Each structure stands twice: as C-alpha cells, then as structure tokens.
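The block underneath contains the structure these notes are about, expressed in structure tokens.
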Amino acid sequence: MGFCKISRDVKLAVIRLHERDLLSLRNILDSCGFSERTWFRILKLWRETGDVVNNRPTLRGRLRALDHEDIDSPCNKSIHICTFHNNLSRARPC
16 MGFCKISRDV KLAVIRLHER DLLSLRNILD SCGFSERTWF RILKLWRETG
66 DVVNNRPTLR GRLRALDHED IDSPCNKSIH ICTFHNNLSR ARPC
C-alpha cells in the first residue's frame, strides 16, 4: 500500500490496544493495515513525545532570500488568459 494518511484517533486506538494487551501485535497490524515499519515509527513517537503525530514544522528544501530583482522579473508577471487568447488570435500564420 502506498502513502496513506492515518488519523490521530486510529493511531491512539492502536496504541491503547497494544498497551492493554487486548490483541496481539500481528492481529492489530493485520486489522488496521499498518506495516511493521509504520507501527514502530508511531510507537517510537508515542514513547518519545507522548503523542502520535509529529508537530515539527515540515519545511523542506533550501530557504532562499528574495531580492527585489526576483520580484520584478518578467517571469513573475501574471498574464490574464484573455490577453493570451487575444494575442494568439491576432497572430498571422506564416
């Protein structure tokens, strides 16, 4: 199964089932469709933070300082679709 967002409630329910020994780990994983890797990641987060969701900011990539030249460049100008259409309709075929 590919990437699938698992809700906080489901993660907490699975943690409680495991902590109270109501089901074996294999039955929990089979019932919920978690992989072992996902389970151990959730369990590690629970033990380290006391919560099952990661609240760290999710900025990715390199931060870049913008310059006024970046903002004023022609690539950043927006063109309305009607302007684009009118210019194409006025163009003559070669």
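Using the working numbering, read the sequence shown as starting at 16 and increasing by one per residue. Ideal Cβ placement from N, Cα and C applies to all residues, glycine included. Note that the coordinates shown come from a computational prediction; the quantities given were computed from them, not determined experimentally.
query	result
Assigned secondary structure, residue 26 (DSSP; H/G/I helix, E/B strand, else coil)	helix
Backbone CA spacing between residue 59 and residue 66 [nearest angstrom]	10 angstroms
Alpha-carbon spacing of residue 69 relative to residue 80, whole angstroms	27 angstroms
Nearest residue (CA-CA) to residue 62, options 39, 77, 31	31
Contacting residues, own chain, Cβ-Cβ under 6 angstroms from residue 57 (five flanking each side not counted)	26, 67
Beta-carbon spacing of residue 46, residue 38 below 9 angstroms	yes
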